[in-house]
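Everything below concerns the one structure shown next.
Residue numbers (our numbering): 1304 to 1795.
See below:
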């Protein structure tokens, strides 16, 4: 979505001056009066407040939520290391985002934006950005902050795949490179478009065109506005809050990292239990709470769409936690807390792209499917292929994201309780075709896998050739807390 200043200071005054000058000239005495300028969009304080709260909730997901969730799952000697990786991701990406990340993501282009808004150039306190409703806007700066938290959490998710065996210098180089060449283009391709106001204005101009020449010019303008979108968006793929951008992206990068970095020393021969499931439980609960900002906040307004996203985030998550727990109970004989919270995260991931499109009953079905399928990948498939995805980033985020992104194309159907997809050229819900929408969703998923897979592979190789990916075996056995940071998580 693009955010352009709709009315710049002084335009109304200049227009009035021009009209006065024309009317004072006898030559133009009979000219028709100029059409009144459209009223500037004034952000609603309620929408603005909700977006501020949602932004804080997404930050809560990452620090402390994700940090605690991951830290509890590793061994004591690496607990502080994982906390540092997640915290570093938030800090470094926040700086990169305001320097050039926002500009590359939310300015015009097919695969990537440009530098029109580098250093947030041109964005002021008066800058207003669109939402998903015509004539409704929010301050552009709050959108900058909201999307910044998405950019920060995505590489933080990846570090769980190679936890306990990648040195900090490698992580410190990998994250800036990855967000620049993988995340920003993906976010642009999925979420960038001209916005509802631009489409609505162009469609109304076409409808008002009186003669053939005017209609031809208006149609060309409408086509231009519709073409002003990222590649995946232009295919018609929908992703409400980041199933492709965040979760498939992180999952594929994590899987490639797990293979390239290699297994943890002693993996498969030594027990590597989580050092604190209590910490993991606290982190999972904070993730669930923060996810309401992630999903409901992606509605960009404090309206019914946000409420729907909130409800879906409740029920899909609960369904996935239960399906994972009961499936594990049936297979292994006991229901584990780790299984329940893992299912919780799988449900959150799967409902993310569907949160604002699916109905509550569809979201429950989505959660039930995601819990069982993600359990299968985190146990059977991982053991079958023998990769060491330490904290199941691919099994939960990658697989859950793929399930959610594809099934969103089905659950959006109005016949299944979904919202349908608005056609802003008519202002109505468009006619729904399941086959067409599924093809668009699958194309978006495949594009994400290819872009992230190739880009991540290249970046890992660059990092390996420059600073190296792994510590020595002796350093790994001693733990990354001491070797990388000179500290211990616990001194007892």
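All residues carry an ideal CB built from backbone N, CA and C; glycine is no exception.
Residues of its chain near residue i, where Cβ-Cβ distance is below 8 Å and the 5 sequence neighbours each way are ignored
i: residue 1445; result: 1351, 1354, 1355, 1358
i: residue 1395; result: 1475, 1478, 1479
i: residue 1717; result: 1723, 1732, 1735
i: residue 1766; result: 1473, 1476, 1477, 1480, 1772
i: residue 1414; result: 1488, 1491, 1492, 1533, 1534
i: residue 1330; result: Since pLDDT at residue 1330 reaches only 35, below the 50 mark, its modelled position is unreliable, and no value is offered.
i: residue 1776; result: 1568
i: residue 1819; result: There is no way to answer for residue 1819, as the model of the chain reaches only from 1304 to 1795.
Identity of the residues DSSP links to residue i by a beta bridge
i: residue 1725; result: 1732
i: residue 1441; result: 1432
i: residue 1496; result: 1532
i: residue 1573; result: 1570
Contact check, residue i vs residue j, beta carbons under 9 Å
i: residue 1551; j: residue 1713; result: no
i: residue 1490; j: residue 1696; result: no
i: residue 1345; j: residue 1431; result: yes
i: residue 1667; j: residue 1624; result: no
i: residue 1378; j: residue 1576; result: yes
i: residue 1664; j: residue 1608; result: no
i: residue 1484; j: residue 1416; result: no
i: residue 1699; j: residue 1639; result: no
i: residue 1264; j: residue 1549; result: Residue 1264 cannot be examined here, being either before or after the span of the chain that is shown, 1304 to 1795.
i: residue 1782; j: residue 1380; result: yes
i: residue 1730; j: residue 1531; result: no
i: residue 1542; j: residue 1494; result: yes
i: residue 1397; j: residue 1424; result: no
i: residue 1393; j: residue 1447; result: no
i: residue 1368; j: residue 1512; result: no
i: residue 1647; j: residue 1590; result: yes
i: residue 1544; j: residue 1601; result: yes
i: residue 1780; j: residue 1569; result: yes
i: residue 1508; j: residue 1497; result: no
Contact belief for residue i with residue j at Cβ below 8 Å, rounded distance in angstroms
i: residue 1467; j: residue 1736; result: Not really, about 47 Å apart at Cβ, beyond 8 Å.
i: residue 1615; j: residue 1649; result: The Cβ separation is near 15 Å, so there is no contact.
i: residue 1292; j: residue 1787; result: This structure gives no information on residue 1292, because the portion of the chain shown stretches from 1304 to 1795.
i: residue 1464; j: residue 1561; result: 5 Å
i: residue 1741; j: residue 1559; result: Rounded, the Cβ-Cβ distance is 27 Å, inconsistent with contact.
i: residue 1755; j: residue 1556; result: 6 Å
i: residue 1605; j: residue 1433; result: Wrong, their Cβ atoms sit about 15 Å apart, outside the cutoff.
i: residue 1382; j: residue 1691; result: Going by Cβ atoms, the distance from residue 1382 to residue 1691 rounds to 18 Å, so no, they are not a contact pair.
i: residue 1456; j: residue 1443; result: Going by Cβ atoms, the distance from residue 1456 to residue 1443 rounds to 21 Å, so no, they are not a contact pair.
Spatial neighbours of residue i in its chain, beta-carbon cut-off 7 Å, leaving aside the 5 residues before and after
i: residue 1770; result: 1472, 1473, 1476
i: residue 1310; result: Note that residue 1310 scores a pLDDT of 31, beneath 50, so its modelled location is shaky; the value from the coordinates is reported in the next line. Contacts found: 1343.
i: residue 1538; result: 1743, 1746, 1747
i: residue 1390; result: 1366, 1370
i: residue 1327; result: With a pLDDT of 39 at residue 1327, under the threshold of 50, the modelled position of this residue cannot be trusted, and the question is left open.
i: residue 1515; result: none
i: residue 1669; result: 1619, 1653, 1654, 1657, 1661, 1707, 1710, 1714
i: residue 1376; result: 1577, 1583, 1694
i: residue 1611; result: 1659
i: residue 1758; result: 1484, 1485
i: residue 1689; result: none
i: residue 1778; result: 1786
Cutoff 6 Å; reference residue i; Cβ partners in own chain excluding five residues on either side
i: residue 1546; result: 1655, 1656, 1704, 1707, 1708
i: residue 1630; result: 1675, 1678
i: residue 1642; result: 1627, 1628, 1631
i: residue 1403; result: 1421
i: residue 1505; result: 1524, 1525, 1528
i: residue 1651; result: 1594, 1620
i: residue 1501; result: 1528
i: residue 1789; result: none
i: residue 1791; result: 1784
i: residue 1613; result: 1595, 1599
i: residue 1540; result: 1743, 1744, 1747
Proximity test, residue i beta-carbon vs the ligand NAD heavy atom, cut-off 8 Å
i: residue 1587; result: You won't find the ligand NAD in this model; it holds no ligand whatsoever.
Decide if the region 1663–1674 is in contact with the region 1428–1446; the criterion is three or more beta carbon pairs, one per stretch, under 8 Å apart.
Contact between the region 1663–1674 and the region 1428–1446 is absent: fewer than 3 CB-CB pairs across the two stretches fall below 8 Å.
Examine the Cβ distances between the region 1596–1607 and the region 1370–1388 and report whether three or more of them are shorter than 8 Å.
no
Could you tell me whether the region 1359–1377 touches the region 1449–1460, where touching means 3 or more Cβ pairs closer than 8 Å?
Contact between the region 1359–1377 and the region 1449–1460 is present: three or more C-beta pairs spanning the two stretches fall below 8 Å.
Would you check if the region 1582–1589 and the region 1363–1378 touch, i.e. whether three or more CB-CB distances between them fall below 8 Å?
Yes: at least three Cβ pairs fall under 8 Å.
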